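Working notes, structure below.
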Amino acid sequence: MNPPAARVRTRFAPSPTGFLHTGGARTALFNWLFARRYGGDFILRVEDTDAARNSEEGLAVILDSLRWLGLEWDEGPGRDGPHSPYYQSQRRDIYDRYLGRLQASGHVYEDDGAIRFRVPDREIAVDDLVCGRISANLREQGSRRWDAEARREIETNPDLVIRRPDGSYIFHFVNVVDDLEMGVTHVIRGEDHLSNTPKHVALFDALKAPLPVYAHVPLYLNADGSKMSKRDQGALIHEYIEAGFVPDAVNNYMALLGWSPKDDREIFTLAELVERFDLDGINRSNSKFDYEKCVWVNGEHLRRLDPAAYQAATAPYLKQAGIPADDPRVPAVLALLRDRAQTLGQIPALLAPILADTVKFDPAALAKLASRTDLDAVRDALIGKLEALPEWNAEAIKEALHEAAGALDAKMGAIMLPCRVAITGDTSGPDLAPTLEIIGRETVLQRLREFSLPVSAA
RNA sequence: GACCCGUUCGUCUAGCGGUCUAGGACUCCGCCCUUUCACGGCGGCAACACGGGUUCGAGUCCCGUACGGGUCGCCA
Numbered sequence: 231m232n233p234p235a236a237r238v239r240t241r242f243a244p245s246p247t248g249f250l251h252t253g254g255a256r257t258a259l260f261n262w263l264f265a266r267r268y269g270g271d272f273i274l275r276v277e278d279t280d281a282a283r284n285s286e287e288g289l290a291v292i293l294d295s296l297r298w299l300g301l302e303w304d305e306g307p308g309r310d311g312p313h314s315p316y317y318q319s320q321r322r323d324i325y326d327r328y329l330g331r332l333q334a335s336g337h338v339y340e341d342d343g344a345i346r347f348r349v350p351d352r353e354i355a356v357d358d359l360v361c362g363r364i365s366a367n368l369r370e371q372g373s374r375r376w377d378a379e380a381r382r383e384i385e386t387n388p389d390l391v392i393r394r395p396d397g398s399y400i401f402h403f404v405n406v407v408d409d410l411e412m413g414v415t416h417v418i419r420g421e422d423h424l425s426n427t428p429k430h431v432a433l434f435d436a437l438k439a440p441l442p443v444y445a446h447v448p449l450y451l452n453a454d455g456s457k458m459s460k461r462d463q464g465a466l467i468h469e470y471i472e473a474g475f476v477p478d479a480v481n482n483y484m485a486l487l488g489w490s491p492k493d494d495r496e497i498f499t500l501a502e503l504v505e506r507f508d509l510d511g512i513n514r515s516n517s518k519f520d521y522e523k524c525v526w527v528n529g530e531h532l533r534r535l536d537p538a539a540y541q542a543a544t545a546p547y548l549k550q551a552g553i554p555a556d557d558p559r560v561p562a563v564l565a566l567l568r569d570r571a572q573t574l575g576q577i578p579a580l581l582a583p584i585l586a587d588t589v590k591f592d593p594a595a596l597a598k599l600a601s602r603t604d605l606d607a608v609r610d611a612l613i614g615k616l617e618a619l620p621e622w623n624a625e626a627i628k629e630a631l632h633e634a635a636g637a638l639d640a641k642m643g644a645i646m647l648p649c650r651v652a653i654t655g656d657t658s659g660p661d662l663a664p665t666l667e668i669i670g671r672e673t674v675l676q677r678l679r680e681f682s683l684p685v686s687a688a
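Structural data, given as structure tokens:
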């Protein structure tokens, strides 16, 4: 795409509902990326004109989610700018002024205390960057309304109510006024607004204001094709925080749904997305949200983290699970098993068997050993070889395990399995030798000595 | 119901008239690596919604049908 001629200004305009939906987050991401890509401004505007639906906590969750994603705004709550305030509930004098202009030009009239905008009787065309040229006649369309309950159309007034009798303003009007007042150059929003856009264009025209560029992005759907709601898996940003996703991974996956870099690359950091993102890469059709793939993307991001960053990212999840993140063994354990996790939330359960003071035996693991008759011999061989080690390190331990197997004329697997079960209680896990190294000689030997079937599965 | 938008493997997508016996990724399956389980590597299954045009030639352009989504509020 050709770089925009004027300085880019985009905005994300949520209403404070108490959660940031992935659909909204993706819209915010695209606006943010586009502004960053072209060195413009990203504005956060709070659409709180409907008093019944607003709460301060509701906004706080949204702001926290945006900050977690790394989508910092240049103007908005907490960041005053040339167009403060950024709460629509505090901008009434501005709306009054614009309403005055419409009154002066005869575009509005009073109806039962409300103010209606006279809708023009002509085709209004919108050139959308994603959807192409669309058009509609508002007067024709608006004169009939579908009554969903009665399942029939009813006659209605096509003119848009823009102000309620109580003096508060309606979305379509404040949205247009704010966009032009704040100098928004590109309106990137969900396709659910596509059909509303001719109304907005009519308002811009009546105000004799230039149009922003429109780009309507397709919607996210559930796997079954239904509309995503807050109850669906993966729908809410704060759930990603809890589950142990990293922000870049969530941004990465959201971007890949509805936008394509046009090559085979799939994994991008936020910074890399900024370099690549553009509006012409946005797709035209809705996409279904695939939580499994989102998890995979997160795993890829986790694997790319350097050890220090990985440890820092993991710390809160360890703490929450009651594992002291400053345990001196933690770095070594993380290095050993980090590639096994796709989310940070999986980490504590992976660490636990290695760091725990007591062995928690998996019944299935014990059952696997039940028919073995050589357990005592294996145990004695292991103890003998491990006891004799001059140095306790993974390399030496591995050597000892081989020797033990050789002494019994057994395959490695035949002695590894009982050893692993005796020490960790489980049949699977990371490399055994380094695991034993971390657990420590005394503990390993003690657990071997105490291990004999049947064991009561604790 | 009217209007608007869309339709390539199960899913996300590449493809912008010939290079498509349609490429990549997730998932699933198989093999390899290996002390187990993962990771990783290799391989496999799997798609142009349907019908008409236009054209020497259509996944790519046009029309229709079907299906999906959106909008039609004194919600945003």
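Just so we're aligned: 591 in the working numbering is position 361 of the first sequence, and the numbers increase by one with no gaps anywhere.
The beta-carbon is built from N, C-alpha and C at its ideal position, and this holds for glycine as well.
From a predicted model like this one, the values you see are computed outputs, not experimental measurements.
(message) Can you tell me which residues form a DSSP beta bridge with I694?
(response) What the structure shows of the chain is the stretch from 231 to 688, and residue 694 is not part of that stretch, so it cannot be assessed.
(request) Determine the direct distance from the alpha carbon of Q576 to that of I553, and round the result to whole angstroms. (result) About 13 Å.
(request) Assign R495 to one of three DSSP states: helix, strand, or coil. (result) When secondary structure is reduced to three states using DSSP, R495 falls in the coil class, being assigned neither helix nor strand.
(message) Can you confirm whether the segment 327 to 340 touches the segment 478 to 492 when touching is taken to mean that 3 or more C-beta pairs between the two stretches lie within less than 8 Å?
(response) Segments in contact, no.
(message) I'd like to confirm the pairing. Which residues does DSSP put opposite A517 in its beta bridges?
(response) The question names Ala, but residue 517 in the sequence shown is Ser. Beta-bridge pairing links S517 to Y450.
(message) I'd like to know whether the C-beta atoms of E302 and D271 end up nearer to each other than 8 Å.
(response) Cβ distance not < 8 Å, so E302 and D271 don't count as in contact.
(request) Whole angstroms is fine: what's the gap from A688's alpha carbon to D592's? (result) A caution first: A688 carries a pLDDT of 43, below 50, which makes its placement in the model too unreliable to give a value.
(message) Check for me: the beta strand (DSSP E) holding E385 runs from which residue to which?
(response) Where E385 is concerned, the enclosing beta strand (DSSP E) stretches over 382 to 385.
(request) Tell me whether Q463 is buried or exposed, calling it buried when 16 or more other Cβ atoms sit within 10 Å of its Cβ. (result) Exposed, since its Cβ has fewer than 16 Cβ neighbours within 10 Å.
(request) Measure from the alpha carbon of D323 to the alpha carbon of each residue in L250, P388, I354, Y399, then state which is nearest. (result) Taking the Cα of D323 as reference, the smallest distance to any Cα among L250, P388, I354, Y399 is reached at Y399.
(message) Tell me which residue opens and which closes the alpha helix (DSSP H) that R679 is part of.
(response) For R679, the uninterrupted alpha helix (DSSP H) run begins and ends at 671 to 680, by DSSP.
(request) May I ask you to list the residues that DSSP assigns as paired with W622? (result) Partner(s): none; W622 has no beta bridge.
(message) Between which two residues does the beta strand (DSSP E) holding H689 run?
(response) Given that the chain is displayed from residue 231 to residue 688, the structure contains no residue 689 and the question cannot be resolved.
(request) State buried or exposed for T415, treating a residue as buried only when at least 16 other CB atoms are found within 10 Å of its CB. (result) Classification for T415: buried.
(request) Give the DSSP bridge partners of I512, in chain order. (result) The partner list for I512 (beta bridge, DSSP) reads W489.
(request) For Y316, name the three-state secondary structure that DSSP assigns. (result) If DSSP states are grouped into helix, strand and coil, Y316 belongs with coil.
(message) Please classify Q318 as buried or exposed, where buried requires at least 16 neighbouring CB atoms within 10 angstroms.
(response) Counting Cβ neighbours within 10 Å, Q318 comes out buried, since at least 16 surround it.
(message) Out of E286, I392, Y540, N405, which one is the CA nearest neighbour of L574?
(response) Per the Cα distances, Y540.
(request) Mind reading off the beta-carbon distance from R689 to N367? Whole number of angstroms is fine, and I expect it under 8 Å. (result) Outside the shown range of the chain (231 to 688) lies residue 689, about which nothing can therefore be said.
(request) Give the single residue among A562, A594, D557, L566 whose Cα lies nearest to the Cα of T657. (result) Ranking A562, A594, D557, L566 by Cα distance to T657 puts A594 first.
(request) Could you check which residue in N516, E472, R533 has the C-alpha nearest to that of F498? (result) Per the Cα distances, R533.
(request) Determine the direct distance from the alpha carbon of A637 to that of L619, and round the result to whole angstroms. (result) When rounded, the distance between both Cα atoms is 16 Å.
(message) Judging by CA-CA distance, which residue of A436, K523, S425 is the nearest neighbour of G336?
(response) The residue with the shortest Cα to Cα distance from G336 is A436.
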